[in-house]
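Contents: one structure, followed by commentary.
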Amino acid sequence: MEQLIFATSNEGKIKEIRAVLADTDYQVLSMAEAGIQIDIDENGADFEENAIIKAKAVHGVSHTLVLADDSGLEIDYLDGEPGVHSARYMGENTPYQEKNNQILKRLEGVPMEQRTARFVCVIAAVFPDGRCVTVRETMEGYIGWEARGEQGFGYDPIFYVEPAGLSNGELSMEEKNRLSHRGKALEAVKKELL
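In this note's numbering, the protein residues as written are 267 to 460.
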(Lines of atoms letter the chains of each structure in order from A and count residues from 1; the text may use other names and numbers.)
(Lines give C-alpha, C1' and ligand atoms only; values in the text may rest on other atoms or scores of the structure.)
Protein backbone atom coordinates (compact mmCIF):
# COMPACT_ATOMS: atom_id res chain seq x y z
CA MET A 1 0.00 0.00 0.00
CA GLU A 2 1.41 3.38 -1.04
CA GLN A 3 1.50 6.24 1.42
CA LEU A 4 -0.03 9.60 0.76
CA ILE A 5 0.47 12.57 3.06
CA PHE A 6 -2.42 14.95 3.53
CA ALA A 7 -1.04 18.32 4.60
CA THR A 8 -3.22 18.95 7.64
CA SER A 9 -3.33 18.47 11.38
CA ASN A 10 -7.13 18.78 11.46
CA GLU A 11 -8.44 15.42 12.74
CA GLY A 12 -11.97 16.07 11.41
CA LYS A 13 -10.56 16.56 7.92
CA ILE A 14 -8.35 13.47 8.12
CA LYS A 15 -11.38 11.37 9.11
CA GLU A 16 -13.38 12.63 6.10
CA ILE A 17 -10.43 12.10 3.74
CA ARG A 18 -9.80 8.54 4.93
CA ALA A 19 -13.50 7.69 4.48
CA VAL A 20 -13.55 8.95 0.87
CA LEU A 21 -10.20 7.40 -0.10
CA ALA A 22 -10.84 4.09 1.71
CA ASP A 23 -11.36 2.26 -1.59
CA THR A 24 -7.95 3.26 -2.99
CA ASP A 25 -4.55 1.64 -2.52
CA TYR A 26 -3.31 4.62 -0.48
CA GLN A 27 -2.66 4.83 3.23
CA VAL A 28 -3.51 8.41 4.23
CA LEU A 29 -1.16 9.97 6.78
CA SER A 30 -1.48 13.33 8.47
CA MET A 31 1.63 15.51 8.69
CA ALA A 32 2.09 14.47 12.33
CA GLU A 33 1.82 10.77 11.46
CA ALA A 34 4.42 11.29 8.73
CA GLY A 35 6.72 13.03 11.24
CA ILE A 36 6.57 16.37 9.41
CA GLN A 37 6.58 19.43 11.62
CA ILE A 38 6.93 22.56 9.53
CA ASP A 39 5.25 25.94 9.69
CA ILE A 40 3.51 26.80 6.45
CA ASP A 41 2.67 30.42 5.72
CA GLU A 42 -0.68 30.29 3.92
CA ASN A 43 -0.32 33.71 2.33
CA GLY A 44 -2.04 32.99 -0.99
CA ALA A 45 -4.66 35.31 -2.39
CA ASP A 46 -7.16 32.50 -2.97
CA PHE A 47 -7.96 28.87 -2.14
CA GLU A 48 -5.92 27.55 -5.11
CA GLU A 49 -2.74 29.39 -4.11
CA ASN A 50 -2.99 28.26 -0.47
CA ALA A 51 -3.58 24.61 -1.39
CA ILE A 52 -0.54 24.65 -3.71
CA ILE A 53 1.64 26.40 -1.08
CA LYS A 54 0.80 23.71 1.51
CA ALA A 55 1.22 20.74 -0.83
CA LYS A 56 4.55 21.98 -2.21
CA ALA A 57 5.90 22.76 1.27
CA VAL A 58 5.20 19.23 2.51
CA HIS A 59 6.39 17.69 -0.77
CA GLY A 60 9.65 19.63 -0.39
CA VAL A 61 10.31 17.71 2.83
CA SER A 62 8.79 14.30 1.99
CA HIS A 63 9.30 13.97 -1.81
CA THR A 64 6.22 11.72 -1.80
CA LEU A 65 2.65 12.11 -3.02
CA VAL A 66 1.10 14.98 -1.06
CA LEU A 67 -2.45 16.31 -1.05
CA ALA A 68 -3.41 19.60 0.53
CA ASP A 69 -6.68 21.44 0.60
CA ASP A 70 -7.72 24.94 1.29
CA SER A 71 -11.35 25.34 1.99
CA GLY A 72 -13.71 27.80 3.49
CA LEU A 73 -17.14 29.30 3.71
CA GLU A 74 -18.26 32.11 1.39
CA ILE A 75 -21.38 34.02 2.45
CA ASP A 76 -22.84 36.15 -0.33
CA TYR A 77 -24.49 38.73 1.98
CA LEU A 78 -21.09 39.30 3.65
CA ASP A 79 -19.31 39.82 0.28
CA GLY A 80 -17.76 36.34 0.39
CA GLU A 81 -16.59 36.45 4.01
CA PRO A 82 -15.00 34.67 5.74
CA GLY A 83 -13.70 33.12 2.48
CA VAL A 84 -10.00 32.38 2.26
CA HIS A 85 -9.69 33.54 5.89
CA SER A 86 -12.28 31.04 7.23
CA ALA A 87 -9.86 29.29 9.62
CA ARG A 88 -8.42 32.61 10.84
CA TYR A 89 -11.74 34.53 10.99
CA MET A 90 -11.91 36.38 14.35
CA GLY A 91 -8.49 34.92 15.21
CA GLU A 92 -7.06 31.46 14.70
CA ASN A 93 -7.68 30.32 18.29
CA THR A 94 -11.27 31.57 18.47
CA PRO A 95 -13.64 28.61 19.01
CA TYR A 96 -15.97 27.90 16.07
CA GLN A 97 -18.98 28.27 18.34
CA GLU A 98 -18.03 31.96 18.77
CA LYS A 99 -17.36 32.37 15.05
CA ASN A 100 -20.72 30.78 14.20
CA ASN A 101 -22.54 32.98 16.73
CA GLN A 102 -20.91 36.09 15.27
CA ILE A 103 -21.98 35.15 11.72
CA LEU A 104 -25.54 34.46 12.89
CA LYS A 105 -25.56 37.85 14.64
CA ARG A 106 -24.32 39.63 11.48
CA LEU A 107 -27.15 38.00 9.50
CA GLU A 108 -29.92 38.86 11.99
CA GLY A 109 -32.99 40.04 10.07
CA VAL A 110 -31.55 39.03 6.68
CA PRO A 111 -34.22 37.22 4.63
CA MET A 112 -33.77 33.65 3.38
CA GLU A 113 -33.06 34.59 -0.25
CA GLN A 114 -30.06 36.70 0.84
CA ARG A 115 -28.52 34.05 3.12
CA THR A 116 -26.97 32.05 0.26
CA ALA A 117 -23.54 30.60 0.91
CA ARG A 118 -21.19 27.90 -0.24
CA PHE A 119 -18.36 25.82 1.05
CA VAL A 120 -15.41 25.85 -1.37
CA CYS A 121 -12.66 23.24 -1.43
CA VAL A 122 -9.55 23.25 -3.61
CA ILE A 123 -7.27 20.24 -3.39
CA ALA A 124 -3.74 20.37 -4.74
CA ALA A 125 -1.95 17.11 -5.46
CA VAL A 126 1.83 17.18 -5.81
CA PHE A 127 3.16 13.92 -7.21
CA PRO A 128 6.60 12.47 -6.37
CA ASP A 129 7.96 13.88 -9.68
CA GLY A 130 6.82 17.41 -8.69
CA ARG A 131 3.84 17.59 -11.05
CA CYS A 132 0.98 19.56 -9.50
CA VAL A 133 -2.77 19.24 -10.20
CA THR A 134 -5.63 21.16 -8.56
CA VAL A 135 -9.37 20.51 -8.39
CA ARG A 136 -12.08 22.87 -7.12
CA GLU A 137 -15.56 21.92 -5.91
CA THR A 138 -18.35 23.67 -4.01
CA MET A 139 -21.31 22.79 -1.83
CA GLU A 140 -24.16 25.29 -2.21
CA GLY A 141 -26.47 26.09 0.67
CA TYR A 142 -27.49 28.87 3.03
CA ILE A 143 -26.81 30.14 6.52
CA GLY A 144 -29.58 29.07 8.88
CA TRP A 145 -30.99 30.97 11.84
CA GLU A 146 -29.42 28.75 14.50
CA ALA A 147 -26.58 26.28 14.95
CA ARG A 148 -27.81 22.69 14.87
CA GLY A 149 -26.18 19.26 14.99
CA GLU A 150 -23.22 17.54 16.59
CA GLN A 151 -21.71 15.98 13.45
CA GLY A 152 -18.93 17.62 11.46
CA PHE A 153 -16.83 20.54 12.61
CA GLY A 154 -16.18 24.23 12.00
CA TYR A 155 -19.05 26.08 10.33
CA ASP A 156 -21.08 22.89 9.73
CA PRO A 157 -23.78 23.64 12.37
CA ILE A 158 -24.86 26.94 10.69
CA PHE A 159 -24.60 25.80 7.04
CA TYR A 160 -27.81 24.26 5.73
CA VAL A 161 -28.41 22.26 2.57
CA GLU A 162 -31.52 21.74 0.47
CA PRO A 163 -33.62 19.76 -0.10
CA ALA A 164 -32.98 18.20 3.31
CA GLY A 165 -33.22 21.47 5.22
CA LEU A 166 -30.59 20.08 7.57
CA SER A 167 -27.37 21.65 8.73
CA ASN A 168 -24.09 19.97 7.83
CA GLY A 169 -23.86 19.28 11.55
CA GLU A 170 -26.96 17.06 11.28
CA LEU A 171 -25.85 15.04 8.25
CA SER A 172 -24.28 11.63 8.69
CA MET A 173 -20.64 11.28 7.60
CA GLU A 174 -21.79 9.32 4.52
CA GLU A 175 -24.34 11.99 3.49
CA LYS A 176 -21.86 14.78 4.07
CA ASN A 177 -19.09 13.08 2.07
CA ARG A 178 -21.52 12.57 -0.82
CA LEU A 179 -22.72 16.19 -0.86
CA SER A 180 -19.78 18.16 0.46
CA HIS A 181 -17.26 20.33 -1.31
CA ARG A 182 -14.42 18.25 0.14
CA GLY A 183 -16.08 14.93 -0.72
CA LYS A 184 -16.61 16.03 -4.33
CA ALA A 185 -13.06 17.42 -4.58
CA LEU A 186 -11.64 14.18 -3.16
CA GLU A 187 -13.63 12.16 -5.70
CA ALA A 188 -12.23 14.38 -8.48
CA VAL A 189 -8.64 14.07 -7.20
CA LYS A 190 -9.13 10.30 -6.78
CA LYS A 191 -9.51 10.11 -10.58
CA GLU A 192 -6.13 11.86 -10.91
CA LEU A 193 -4.55 9.37 -8.49
CA LEU A 194 -5.96 6.35 -10.29
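Glycine residues also receive a C-beta, built at the ideal position from the N, C-alpha and C atoms.
Is the region 273-281 close to the region 343-352, with three or more CB pairs under 8 Å?
Touching, no, given that fewer than three Cβ pairs across the two stretches are closer than 8 Å.
Label residue 375 either buried or exposed according to how many other C-beta atoms from any shown protein chain fall within 10 Å of its C-beta, with 16 as the threshold for buried.
Under this definition residue 375 is an exposed residue.
Could you tell me whether the region 421-432 touches the region 390-409, using the rule of 3 or more Cβ pairs below 8 Å?
The answer is yes - the region 390-409 touches the region 421-432, with three or more Cβ pairs under 8 Å.
In chain order, what are the residue ranges of uninterrupted beta strand (DSSP E) at least 3 long that sit wholly in the region 411-455?
Counting only runs of 3 or more, we get 425-427.
Would DSSP call residue 363 helix, strand or coil?
Reduced to three states, the DSSP call for residue 363 is helix.
What is the residue span of the alpha helix (DSSP H) that residue 328 lies within?
Unbroken alpha helix (DSSP H) run through residue 328: 313-328.
For residue 267, which of 286, 460, 283, 292 has the nearest alpha-carbon?
Nearest of 286, 460, 283, 292 to residue 267, Cα basis: 292.
Can you give me the start and stop residues for the alpha helix (DSSP H) that residue 285 sits inside?
Run containing residue 285: 277-286, per the alpha helix (DSSP H) assignment.
With 16 other CB atoms within 10 Å as the buried threshold, where does residue 307 fall?
The residue is exposed, with fewer than 16 neighbouring Cβ atoms inside 10 Å.
Using the Cα positions of residue 437 and residue 290, report the straight-line distance between them to the nearest angstrom.
Rounded to whole angstroms, residue 437 to residue 290 spans 24 Å at the Cα level.
Roughly how many whole angstroms lie between the Cα atoms of residue 317 and residue 271?
The alpha-carbon atoms of residue 317 and residue 271 are separated by roughly 13 Å.
Could you tell me which of 412, 380, 394 sits nearest to residue 341, measuring between CA atoms?
Of 412, 380, 394, the residue nearest in Cα terms is 380.
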